[in-house]
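Colleague: Following this message is one structure expressed as structure tokens.
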Amino acid sequence: MISPKTVKLLLIATIALFIMSCGSSTATRYEKGKEKKPKNSENLNETFDISAYKTKIDLKTNERPITIESINAWYDYNTTVESSSNNDTVINTVNGFRVQVLSTDNLANADSLRSELYNKTNHRHIYIIFDPPFYRIEVGDFTQISAANDLNFKLKQLGYSEARVVNEKINIYK
């Protein structure tokens, strides 16, 4: 036979379980699919016409030709291309940083982006690296990550939002 003490404990546990399960039910708090409207709400029809309040802004512009000097937004960046042939000789490769601008599977797109980058940044070292099945366009040979981050910032400002700094074997030039 079961002792009265055990019966009391089972009864208390059953009541506690019942109370806790009722407290976690959401059926009484939320009604699915029905939106409640306030008692005194009416359907409002808006007849206000804002077009009379629109302001016409007339800006006077100074017409002047745009030159490269007037768009000098990159203060600390080198805008000239070094043309000496001494810098074209690779003397070593080391671990460093480059800025990857894009990864694409179309060589024609990669080549046109390379030309575009050369014209916009005047950076000489722009690489198209074939990593099957994609062509990666990478710019620069940086030993310091801060210089790579500066170029990355410049490229993002020019509209290349996918640009990012990557670790790469870089060329050291003579």
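In this text, residue positions in the sequence shown follow this note's numbering: the first is 2, and each later residue adds one.
No residue lacks a Cβ here, since even glycine has one placed at the ideal position from N, Cα and C.
1. Return the first residue and the last residue of the beta strand (DSSP E) that Thr-162 is part of.
2. May I ask which residues mark the beginning and end of the beta strand (DSSP E) holding Asp-142?
3. Is Asp-142 closer than 7 Å to Asn-168 when the C-beta atoms are compared?
4. Using three-state DSSP, classify Asn-120 as helix, strand or coil.
5. To the nearest angstrom, how far is it from the Cα of Lys-121 to the Cα of Phe-131?
6. Rounded to whole angstroms, what is the Cα-Cα separation between Thr-81 and Tyr-136?
7. Closest by CA to Ile-129, which one among Asn-107, Thr-56, Gln-145?
8. Would you mind reading off the limits of the beta strand (DSSP E) that contains Asp-132?
9. Quick one: what does DSSP say Ile-3 is sitting in, helix, strand or coil?
10. Please tell me whether Lys-157 and Ala-164 are closer than 7 Å, where the distance is taken between their beta carbons.
11. Report the CB separation of Ile-127 from Ile-138 in whole angstroms; it is logged as a contact under 8 Å.
Modeller: Judging by the given coordinates:
1. For clarity, residue 162 is Ser in the given sequence; the question names Thr instead. Looking at the DSSP string, Ser-162 is not in any beta strand (DSSP E), and its letter there is neither H nor E.
2. 135-143
3. no
4. helix
5. 23 Å
6. Per-residue confidence for Thr-81 stands at a pLDDT of 44, beneath the threshold of 50, marking its modelled position as unreliable; the derived number appears in the next sentence. Rounded to whole angstroms, Thr-81 to Tyr-136 spans 27 Å at the Cα level.
7. For Ile-129, the closest alpha carbon among the candidates Asn-107, Thr-56, Gln-145 is that of Asn-107.
8. Looking at the DSSP string, the run of the beta strand (DSSP E) that includes Asp-132 is 127-132.
9. Correct three-state label for Ile-3: coil.
10. yes
11. 7 Å
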